Amino acid sequence: MTRRVQITKGILWFITGLAAAVTIIRFTRGLGTTTALSDTTPWGLWVGFDVMGGVALAAGGFVIGAIAHVFKRDKYHHAVRPAILTALLGYAAVAVGLLFDLGLPWNIWHALIFWNPQSPLFEVAWCVMIYLTILFLEFLPVFLERTRFQALYRILLRMQLPLIILGISVSTLHQSSLGTLLLIMPFRLHPLWYTPHLPELFFVSAICLGLSMVIFESSVTAWLYKRKPNTDMLSGLARFAAGALALYLAFRLFDLWHHDKIGLAFEGSFEARLFWFEMGLSTIVPLVLFLIPKVRRSHTGVFIASSMGLMGFLLYRIDASGLAQVWATRTDYFPMWTEFAVSFGIVSFFALIYLFIQEHFPVEHEILDEEEKWRQRQLFVLPRFDRLTQVWLGDPTFASRRVYSLVFVVALVLGLTSTPWQPLVEASPVQRARGGDILKVGFPIGTVAFPHAEHVKRLGKEACGTCHHLHLPGDVGTPCSECHSDLYLPTRLFDHFRHVGLLGENASCERCHPKEGPRIGVTAKKCSSCHEKDMMAENQVVKTFEYLTAPGLSQAAHGICIECHKREATNPEWGKPDLFRCATCHRTPVSHGDVVLEASLEEIEDEVLQ
Amino acid sequence: MIDNPCILNDVTRCIGCEECVAACKKINGMPVEDGPPRLGHSKDGLSATRWTSIFRRPDEVSVRKQCRHCFEPACVSVCPVGALIKTPEGPVIYDKAICMGCRYCMMGCPYGIPHYEWNSINPSVRKCILCYDKLKSGEIDKPACVNACPKEATTFGSQEEMLAEARRRLAAEPEKYIQHIWGEHEVGGTSVIYISHVDLGFLAWQDKKYLGTEPLPDRTWAALKKVPLEFLGMASFMTATWWVIDRRMRLAAEAPGEKVTEAPETTEDEGGER
């Protein structure tokens, strides 16, 4: 095991740890907390990257299978096992990704018994399940090769060719059906992406992505295990990739031309720029690079070209399943970091499994032999003793496992502490509501008209507490918005930090909290015990402050103002303004989306003064 | 319950009082107050707890939005497990017990109707079901929203009756209305139809484009019906290719002195085959 492998594994464990933290929150708090998905963007990164991209990333399995076994290009035999392993793990990753994305993941098996053959997703689900089984059977010989189950091993080897042909056929179906998925969305998907030929385009792009992935992966493993890359094979694969990319480019451009949509690509819109960026990254630049013989023979060259292709085609999937739909939904969506953590975490986790299998089973014989030699050597290495902690660290394998565990736990804790526990809502701070007699002054749209004097006159001075119920220190004529400072979210009222600072930092706890017992809000002294002078004395209506949070303005207004106006509605004198008629305050949409408090001054004034 | 139930919405009559919204919330047992809106919520006001909403448009135009109960619903066709069901009577309903939560229905609906309970850990897809269960059991004779409307801006009857009524209104006051019945033919026809004095394209995604009369499921079906053929085609093409190449290589190996020929160059990639 080289140093590179160790560091890479450490990084992969870190990302996995972050994902593990998000996993806990995803399955205890729901999709709303861990994703930025919404009713306008029900599919996000987890579908675009994990499912649409993941399935295509794993396409290398069937492409290499076809090249090596059906077309009998023997020099690619080396690439078959790693490619099938990638495919197997890739599909497993897709299944895991789906568990995250599905709202009701425990019902995933419903795809087996409830059938709707009309649905492209039904077709994809079945093909993926079948193909996962095929891949497992294709890969099983690798597990069995050095065991005593030689009879089974030989049977499986003989089944290899039929399995590969079956796998190619099943892949053709679901790779193209991923495109079919989007055919139902002609009104969401931008015309630069939407075409009746989406299934075919998705199939060809899967071949491009699969080949890029095989090139990428074998150059990365070569680098990791410090092996000489198989330049002959890589350049051959690069030639295939160039062919596939050329076909894809021609197909995509012909399709645009055929449907008379070429003009849209030169519109200068966001989508047009996205289109060219995607085409450049996925097809044009890698194609040019792969066409240069010098690049094809260079390790770095194929690595760069294939990783560009990789990112480009992943972007194609993400565009088609989301980014190119913003145009219709007119709602931005950017994944939360938790979504990235899960997506990359799944990839990292499966990359770790990939490395484990590479190091313990004959996927590529050179790597396994090298690893076994290394493991043999470790038997004779003395366990390391750490003087500082007075601990035997064990042999290097064991020591590195300890480091990975530590990295994982650190990432887990980091993830748990920084993941949001509350769902994303649109924070909508209200504009300051005016206290006092604002009816006399003109006021900007967006403020709430509240005739304070009118209320005092009618309710009597004793009634202050009805509204000034929070009874904050210095609360004499606080406008509603002082505490209800968000339209929807509760506001924290008590500034603990400020109190700690003013009272003398850590030494001051006991000035409010009891010596024994928990130091929490409930056990703390009442505010009035210190703020006696600047708080009203407790009386029938004015209660001593016992709240730590104030509800959002919307709730407060609907809960207090409207309730009271409703009660008093029968009183001919007091019934105005008609607050239980929504339109009194909400002149524009009352629907919860765009609440705009646009109380028309003149109207309320008229009603009040009538 | 009548066959082909249909709601006719007359935009010119709607005053935007939201009585329909309140009635809908009441009959379906949903909270009166919606929670805080989620980032990226629908601009039309629909949510998992608001299955019908008044979509406010410029110039004080109020348009009631709800599920259209299409004749050939995209949501029903795309659901991989069939959790959305087009009932024989007409309304499109949802079965939570079957749903997996893939949200493909939300992506497929051209009107953006199904909404999701994002903050639940056991979430459902929510949308108008045209009061199906209560209409069927005879508890009510028309949907709660229609019952609540004080201006008869929304009326209920069979599809034929409602279309006739819409045509009658269009003919009676031709200068008041745009001479078009929204939902009569769009995406194969819907059970909720509109007549209006403003263009109602905005009810669907991408409001500039006319939806067309072709039912959306036809588009995916056109590709899906080829699946068995594709499978057999690809399998036999691959087998045939293997057989030809294998045979050629064996013959080449048997003939001494001849060089083993490489596979033909037709095999650059399989994409060309389709």
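So the sequences go chain by chain: S and X. Note that the working numbering has the first sequence beginning at 1, numbered continuously upward. Note that the working numbering has the second sequence beginning at 1001, numbered continuously upward. By construction, the Cβ of each residue, glycine as well, lies at the ideal position given by its N, Cα and C atoms. Bear in mind the structure is a predicted one, so any value in this text is a computation, not a measurement.
- The criterion of a C-beta distance shorter than 8 angstroms is not satisfied by L281(S) and A272(S).
- Distance check between T419(S) and each of Q390(S), F497(S) and E339(S) places E339(S) closest, using alpha-carbon atoms only.
- In the DSSP assignment, H1115(X) is bridged to R1126(X).
- If you check the CB distance, V342(S) and F100(S) come in under 8 angstroms.
- The secondary-structure analysis by DSSP pairs I1093(X) across a beta bridge with I1085(X).
- Within the same chain, C512 come within 6 angstroms of K525(S) by CB-CB distance, once the 5 residues on both sides are set aside.
- Nearest to L157(S) by C-alpha distance, out of I168(S), S171(S), E138(S) and L173(S), is E138(S).
- Listed along the chain, the chain X residues whose CB falls inside 9 angstroms of the CB of H484(S) amount to none; the nearest CB is some 13 angstroms away.
- DSSP, reduced to helix, strand and coil, places G1157(X) within a strand of the structure shown.
- Contact of Q1206(X) with chain S is assigned, a C-beta pair being separated by under 8 angstroms.
- Residues of the stretch 118-140 of chain S with a C-beta atom less than 7 angstroms from some C-beta of chain X are Q118, S119, P120, L121, F122, E123 and A125, listed in chain order.
- Cβ-Cβ separation between A238(S) and V204(S): approximately 17 angstroms, too far for a contact (criterion under 8 angstroms).
- Per the C-alpha coordinates, the member of L1008(X), N1119(X) and A1022(X) positioned closest to R29(S) is N1119(X).
- In this structure, D369(S) sits away from V381(S), with a CB-CB distance that is not shorter than 8 angstroms.
- Taking 8 angstroms as the upper bound for CB-CB distance, V363(S) and L85(S) are in contact here, some 6 angstroms apart.
- Under the three-state reduction of DSSP, C1149(X) is assigned to coil, being neither helix nor strand.
- Each of D50(S), L161(S) and V285(S) was checked against the Cα of W1243(X), and the nearest Cα belongs to L161(S).
- Chain order gives the chain X residues near A111(S) as P1080, V1081 and M1100, where near means a beta carbon separation below 8 angstroms.
- Within the stretch 52-86 of chain S, the residues whose Cβ lies closer than 7 angstroms to some Cβ of chain X are A66, V70, F71, K72 and R73, listed in chain order.
- L1046(X) sits in coil when the DSSP states are folded into three classes, being neither helix nor strand.
- Secondary structure note for D369(S): its alpha helix (DSSP H) is the uninterrupted segment H365 to Q378.
- At least one beta carbon of chain X lies nearer than 8 angstroms to the beta carbon of M185(S).
- Rounded to whole angstroms, the Cβ separation of V425(S) and P1037(X) is 7 angstroms, and the two are in contact under 8 angstroms.
- When DSSP states are grouped into helix, strand and coil, S1062(X) belongs to the strand group.
- By the neighbour-count criterion, in which 16 or more other beta carbons inside 10 Å mark a residue as buried, H484(S) falls on the buried side.
- With contact defined as three or more Cβ pairs closer than 8 angstroms, the stretch 58-78 of chain S and the stretch 164-179 of chain S are in contact.
- Residue state for L1008(X) is assigned as strand, using DSSP reduced to three classes.
- The shortest CA-to-CA distance from T33(S) to any of I1121(X), P1080(X), P1217(X) and G1016(X) is the one to I1121(X).
- Bounds of the alpha helix (DSSP H) holding I562(S) are I562 to R567.
- At least one beta carbon of chain X lies nearer than 8 angstroms to the beta carbon of T28(S).
- About 7 angstroms separates the Cβ atoms of C1099(X) and S1124(X), confirming a contact at the 8 angstroms cut-off.
- For I15(S), same chain residues with a beta-carbon under 6 angstroms away, outside a window of 5 residues either side, are F344, G345 and S348 in chain order.
- Contact between V124(S) and L192(S) does not hold, since the beta-carbon distance rounds to 24 angstroms and is not under 8 angstroms.
- Nearest neighbour of R330(S) by Cα position, chosen from T133(S), H190(S), I562(S) and F251(S), turns out to be H190(S).
- Here the C-alpha atom of N1009(X) lies approximately 14 angstroms from the C-alpha atom of H1069(X).
- Closer than 8 angstroms to the CB of V326(S) there is not a single CB belonging to chain X.
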